[in-house]
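Visitor: Okay, here's the structure, questions in a sec.
Chains as they are written, first to last, in the working numbering: chain A, 40 to 186; chain B, 40 to 186.
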């Protein structure tokens, strides 16, 4: 487990964990949370801007969180997000994709209001089996200080 | 259904739709996507930074998407996100919360590369039953032109 003192700008974290994307889960996630034809129906998806079935961005974000939790990042106190400066999905996520995650610390700073915590700014990239970025975020995480 | 020409800065969209947040769904969502004690276990959550069980931010984002799809926004071609300029969760989402969504168009612009689409910049605020913002995003949506 890593405390604020253990993080420095430039550190990179990955991990062996992979998530395989399942067509049925793409559709069931979308039916509950993001009911659009391009996430629910193969034929409608082919005729849409996505040119084929694509996972909801929120499904991708949720799968990315699972990968990040399992990665080498391991901040003490868990992964507590204080918001994002950047968030985008450059490439659609397709059935059968195998996703992994890489993250890089961009900045480490103390909290102005609380002496026991700090904030790390982290770029997190979710990649498919072809090395294409399917999600890129720059987020701020709350991390406790060791002392 | 609204095309790019139907959107102007300052327009606000809401809707009657509400989502009631269920403790069991908070835990099952977290078990699949965001396995942290503060999303999974009541006692551990009370001892955490959240001071009680809180929904995963990705669960909140997914519930917000459901509300936005059901809202008066209704862009032609569906809600297609081209990324966010801002994304934060100011207040934890708790079991029993009743969420609703409000959105405001901040900017409408044509695509530089594609004559058939444009981008609207939208601030979306997810509110609980006390009127507290639980999620605030500023995102860019791809919207087709009518002609």
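By construction, the Cβ of each residue, glycine as well, lies at the ideal position given by its N, Cα and C atoms.
#1: Can you say whether residue 167 of chain A is buried or exposed, counting buried as having 16 or more other CB atoms within 10 angstroms of its CB?
#2: Span of the beta strand (DSSP E) holding residue 162 of chain A?
#3: Do you know how far the Cα of residue 185 of chain B is from the Cα of residue 159 of chain A?
#4: For the region 67 to 74 of chain B against the region 145 to 155 of chain A, are there 3 or more C-beta pairs whose distance is under 8 angstroms?
#5: Going straight from the alpha carbon of residue 110 of chain B to that of residue 46 of chain B, what length do you get?
#6: Taking the beta strand (DSSP E) that residue 176 of chain A belongs to, which residues open and close that run?
#7: Going by DSSP, what residues sit across from residue 151 of chain B in a beta bridge?
#8: Got a sec, what are the start and stop residues for the beta strand (DSSP E) residue 133 of chain A sits in?
#9: Based on Cα-Cα distance, which residue from B/105, B/172, B/122 lies nearest to residue 161 of chain B?
#10: According to DSSP, is residue 142 of chain B part of a helix, a strand, or is it coil?
#11: Quick check: what's the CA-CA separation for residue 90 of chain B versus residue 80 of chain B?
Guide: With the given structure in hand:
#1: buried
#2: 156 to 166
#3: Near 44 angstroms, if we compare the C-alpha coordinates of residue 185 of chain B and residue 159 of chain A.
#4: no
#5: 15 angstroms
#6: 172 to 183
#7: The partner list for residue 151 of chain B (beta bridge, DSSP) is empty, contrary to what the question assumes.
#8: Residue 133 of chain A -> no beta strand (DSSP E), and no H or E assigned at all.
#9: Of the listed residues, the one whose Cα sits closest to residue 161 of chain B is B/122.
#10: In the structure shown, the three-state DSSP call for residue 142 of chain B is strand.
#11: Computed Cα separation, rounded: 12 angstroms.
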